[in-house]
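First the structure, in the form of structure tokens, and then the observations on it.
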């Protein structure tokens, strides 16, 4: 046995002791000829040199993916096996990598050891701080070779590239749904478990995602850290800011393969596709009516519950839909944003303008089913029907 005279640690081989002693001396005798970086061990230098050569000698037998380090291949294989050997003693959650467990533990301890020198914001991991710093610098060093789009971090580029390849390597064991990245799978799994590990200290509301909690907190603080340089508008979350910028650029990156229509958001494309498929996945538990959009189901539910969450601050009147409140407010403000191009007359809502325009066209959309008489306004048809009932009775 070979023992270190500095710390007492023992080794079976003399060269292991020799390598170990450099920890105490600080000496790094193995230097990279390409970039000058130094290492304690020759094996570490050899691994580092693969950054310059691009060599990836460790191959996954299941999917063919290659790695520069054996340890990285070992970690990767857990995607296929589902093995998660690192378990949190606090909540029992398991992880495929020890570094992920260490980072997760900070949720329980609240520790955020990495601080931004620009704005003072703190983070649980060094990588999160590095990513955050790019908000200040605007740096996007990772570029997509297919479409040229740039990203602040490599993992985002890798996930983006799957849009082009169609690859979805992460599969849910509960429902079989496939996803492009592990983080999305972890978040998706919470649908089945009901887990919401992120809690707001102000109001107690819980969330499945940490960044959703961070965004929510801005409701309490009023913070809007993302500013548009074009129009000055501010946003609470980066995603909404990115989508907003497309108003100025005209960019619509999401295209429908059936009709070619383009959209600013992926969610809009997903909703649009239901026009072609006829899919209505959102079903009312009360009456069985189905909807293509979740927002439409929520609005519909208010018919059954009688809920009217949108209140007018001037007169106290309540509404089931935000659009109805917006329209109602124009009674108080006198705003009439819809103008007739023929005569210049203005209206509070679009439907009133549309009805008025029929005066100019002479179009009679409202027809009596009994006598065939046509009317420009629906109210005129109702009056006609009432008078017929009076005559007949």
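Numbering (the working numbering), first residue to last: 45 to 437.
Yeah, the Cβ is synthetic: ideal placement off N, Cα and C, and Gly gets one too.
Among the options, which residue has its Cα nearest to the Cα of residue i?
i           : options            : result
residue 308 : 170, 285, 260      : 285
residue 264 : 253, 254, 280      : 280
residue 231 : 252, 216, 119, 213 : 252
residue 304 : 320, 291, 290      : 320
residue 314 : 336, 359, 331, 330 : 336
residue 208 : 197, 103, 224      : 224
residue 258 : 323, 85, 165       : 165
residue 124 : 180, 226, 91, 261  : 226
residue 150 : 169, 432, 54, 61   : 169
residue 328 : 267, 290, 348      : 348
residue 367 : 148, 378, 360, 355 : 355
residue 88  : 68, 108, 106, 113  : 113
residue 274 : 119, 360, 291, 198 : 291
residue 237 : 248, 222, 216, 254 : 216
residue 198 : 384, 174, 66, 330  : 174
residue 48  : 65, 57, 352        : 65
residue 172 : 190, 233, 152, 147 : 147
residue 405 : 233, 423, 384      : 384
Round the Cβ separation of residue i and residue j to the nearest angstrom and send it over; I've been treating them as touching at under 8 Å.
i           : j           : result
residue 407 : residue 392 : About 22 Å; that fails the 8 Å criterion.
residue 346 : residue 364 : 4 Å
residue 342 : residue 334 : Not quite, the Cβ-Cβ distance comes to about 14 Å (not below 8 Å), so this is no contact.
residue 100 : residue 111 : 6 Å
residue 214 : residue 201 : That pair is no contact at about 17 Å.
residue 428 : residue 412 : 6 Å
My output table needs one value for residue i: the three-state DSSP class, helix, strand or coil.
i           : result
residue 197 : coil
residue 311 : helix
residue 383 : strand
residue 421 : coil
residue 223 : strand
residue 215 : strand
residue 178 : helix
residue 85  : coil
residue 286 : helix
residue 131 : strand
residue 49  : coil
residue 189 : coil
residue 392 : coil
residue 327 : strand
residue 140 : coil
residue 301 : coil
residue 54  : strand
Who are the near neighbours of residue i in its chain, counting only those whose CB is closer than 6 Å to its CB and skipping five residues on each side?
i           : result
residue 250 : 240, 243
residue 128 : 138, 139, 140
residue 271 : 278
residue 72  : 82, 83, 84
residue 55  : 46, 61
residue 419 : 408, 410, 425
Please work out which residues of its chain come closer than 8 Å, Cβ to Cβ, to residue i, disregarding the five sequence neighbours upstream and downstream, and give them in chain order.
i           : result
residue 256 : 242
residue 326 : 334, 335, 336, 337, 338, 340, 341
I'd like the list of long-range same chain contacts for residue i, defined as Cβ closer than 7 Å, with 5 residues on each side in sequence excluded.
i           : result
residue 194 : 184, 186, 187
residue 204 : 188, 193, 195
residue 350 : none
residue 109 : 120
Is any non-hydrogen atom of the ligand ZN found closer than 6 Å to the C-beta of residue i, if you look at the structure I gave you?
i           : result
residue 383 : The ligand ZN is absent from the structure shown, which contains no ligands of any kind.
So that I know if they touch, is there some Cβ in chain B lying closer than 7 Å to that of residue i?
i           : result
residue 156 : Among the chains in the structure shown there is no chain B, since it carries only a single protein chain.
Counting pairs of beta carbons, one from the region 282-299 and one from the region 309-322, are three or more of them closer than 8 Å?
yes
Touch check for the region 154-170 and the region 124-140: three-plus C-beta pairs under 8 Å?
no
Tell me whether the region 74-81 and the region 90-100 touch, counting them as touching only if at least three CB pairs, one residue from each stretch, are closer than 8 Å.
yes
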